[in-house]
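Residue numbers (our numbering): 16 to 822.
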Ligand SMILES: [Zn+2]
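Next comes the structure, spelled out in structure tokens:
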């Protein structure tokens, strides 16, 4: 590793330059090993491309606590992981290869300036079901998907194929495509598919290529010469008849702070009391506040660790902690004894001296004396568990919480607010939840929930679909789940992802922020939930208190944070909530469970049933079709599906918690390709298009609630006589599950069920080897059973058929 950076880009990872600014650079120890040539040299926290050769490297990055903002597979295997790296943790990633620096904290300043200017101006103005048309002709090759789509970036063909040989070797598949009706495979060109292997487990081959014409058919060939053909289906085609456009849209003008978001939803509830109310979540956050710290002796790079003394105020910074001064005095008196006096907010440390008046007191001695004499004001500790045997140096330091928000921004524990919209809010209607900003720095995500809220109330009674949604559903929208972190991101540390609580021990990096700057403390809310967690051995989170995916203190267990408990409370209290969307950035993803696996053997959390998986793909079409309507953004098939199939494992995430623990259809958006805090024009467009998507989910939920139709199943080939084993497959007129028996028994919900043939596969079929009567019924996603059959009753009005096999 450590290859030189050669590609061109907007902004390169600098390979030379000063690390901590000129003054600090002079303090760098000269003993830095020259062989370890720095490949990255950041002076502020940045989103950096890390170029990963394969899944192993990705796993290593995740294991190091890599704060991955977006993960893009690249042709030829490997990934580009857009990763948040700070100047003080870049060493951790030293042996990775870096690409461009995409986004820095200074960019956030531009965003804020833009926001200020806007506020100023405003003031002054007052298919995808995996079966249709897809046919496998080769035993070794199963074409899972062949999707054509037209998007903003051009026209593409995306293909996914499972190969029976895939487990063993790292080989490519060739896809030849025709050039439209009447042409042959190959006439339209060809593309290759690379294996998608995750933690050593082969899943399928996949690849996407730009095409000139819409191909009708493809032929896939493997290295052994086996082939398979399939028809190409349309992914998110433009609707033939445009929908019913919303009269009123576009209610967001600028990025908004949590206080502004909460004010806004209160105003909506005031203005529309018949259809909207504010929901106050019960668990207060810890607050946008910190204890102030003063650091003596130790340098940002850890130099001087042995003489380092950290003093932390007991009061929060704004409650007096910021007034505390520690004065370690070079008094020059010979043969003095160590003493500590407190005068008001000042802690005066007079170190012991030798006969010449030179200081002899060690850091450990200062720590002990400060704790003994000033223990009402502060706690003191040595640097990260160092024995503190170095002799201290004179220094006068003021403690600081380094929180820069204006005074009117509350430091107190915060109430998290949501907005509940619906004409009937008594729990009798299907509940739908949209929540955003679990991750503080994802400033554009609240725009989606807020825009959706505004559209619902302002188009109610005016627009037919909106009126149906508000009349028929019980909608919960949480614009900012993590307000403390969001304030910190706005006012101090743009790359803040987590909440604000410092769980680091005094013999660990508890001083990290005060010594090093940057917001690295806090718990990753989206790893702190209670199902399939890091505590259970699932991958993609860490117990490192400064790691990007810190799941919370190990001893406290999951759901330790008020932010995650709030969401859990909401779905627990309102058990009519049956659909949810967890809104993040970035990458243009649409995902669902499973969202985690145990890395060893890639043991996934339970997969959705065949029906559920098919239902999710169907829902994708309307949700993603709605997104595309705004400006042609296509969430591609490769970025649609279970989190672990299209991205990575994320132990303890909220989507899994809602799906497995609360039986909610729990989905996830990742907005845009432009990272966090894109320029306003882009953020605005993302807010609009994904609000369309959230509307799409509301329509899916309403349709689910209104589904009173019983499914009908059909079997091919039909029952009858066959002169050899026969493979029968079931179809249904709507998405439904098939339960069956082969022993003549009455089918129930405990009977075997047709499952999927594997990751991204279609439903399985049954092979009848000898004469058998199959008994079965279909049940749809809303629980309607074929023919009114009651699986829990005793009547035998289910479906049955006999296939007679003669040799
Ligand atoms: Zn996120």
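Backbone N, C-alpha and C fix where the C-beta goes; we use that ideal spot for every residue, glycine too.
Keep in mind the model is a prediction, meaning the values are calculated, not measured.
Heavy atom of ligand 1 within 8 angstroms of residue 591 beta-carbon: no
Around ligand 1, Cβ to any heavy atom closer than 5 angstroms, ordered along the chain: 454, 599
Extent of the continuous alpha helix (DSSP H) run through residue 482: 479-487
Nearest-angstrom Cα separation, counted from residue 344 out to residue 350: 15 angstroms
Complete beta strand (DSSP E) runs within the stretch 395-437 (minimum length 3 residues, chain order): 410-413, 432-436
Any beta strand (DSSP E) of 3 or more consecutive residues that is wholly inside the stretch 162-249: 169-178, 188-192, 204-213, 216-225, 232-236, 242-246
Proximity below 9 angstroms, CB of residue 120 to CB of residue 606: no
Coarse secondary structure for residue 292, derived from DSSP in three states: strand
Nearest-angstrom Cα separation, counted from residue 552 out to residue 665: 11 angstroms
Candidates 419, 244, 195, 619: closest to residue 174 by CA position: 244
Alpha-carbon to alpha-carbon, residue 699 and residue 613: 38 angstroms
Whole-angstrom distance between residue 255 and residue 197, CA atom to CA atom: 25 angstroms
First through last residue of the alpha helix (DSSP H) which encompasses residue 719: 695-721
Beta-carbon separation (whole angstroms), residue 576 vs residue 538, contact threshold 8 angstroms: 5 angstroms
Enclosing alpha helix (DSSP H) for residue 277 [first to last residue]: 273-286
Backbone secondary structure at residue 535 - three-state DSSP: coil
Three-state secondary structure (DSSP) of residue 783: strand
Pair within 9 angstroms by beta-carbon distance, residue 658 and residue 611: yes
Paired residues, beta bridge with residue 328 - DSSP: 393
Pairwise C-alpha distance: residue 638 and residue 480: 15 angstroms
The stretch 592-609 / the stretch 678-685 touching (three or more Cβ pairs under 8 angstroms): yes
As assigned by DSSP and simplified to three states, the class of residue 85: strand
Beta-carbon proximity list for residue 715, same chain, < 8 angstroms, skipping 5 on both sides: 594, 634, 637, 638
C-beta atoms of residue 452 and residue 598 nearer than 9 angstroms: yes
Supposed close pair residue 298, residue 584 - CB separation, criterion 8 angstroms: 7 angstroms
Whole runs of the alpha helix (DSSP H) within the stretch 507-588, excluding any shorter than 4 residues: 527-531, 577-588
Closest by C-alpha distance to residue 258, when choosing among 711, 307, 334, 785: 711
Assigned exposure category for residue 670 - 16 Cβ within 10 Å defines buried: buried
Validate contact between the stretch 460-474 and the stretch 257-274 using beta carbons, cut 8 angstroms, 3 pairs: yes
Any 3 or more C-beta pairs closer than 8 angstroms across the stretch 268-282 and the stretch 407-418: no
Same chain, Cβ closer than 8 angstroms to residue 352, neighbours up to 5 away in sequence not counted: 367
Segment limits, beta strand (DSSP E) that includes residue 848: As displayed, the chain neither begins before 16 nor continues past 822, which places residue 848 out of reach and without an answer.
Contact belief for residue 496 with residue 431 at Cβ below 8 angstroms, rounded distance in angstroms: 7 angstroms
Residues sharing a beta bridge with residue 795, DSSP: 751
Three-way DSSP call (helix, strand, coil) for residue 599 in this model: strand
Minimum C-alpha distance to residue 282 - residue among 726, 435, 428: 435
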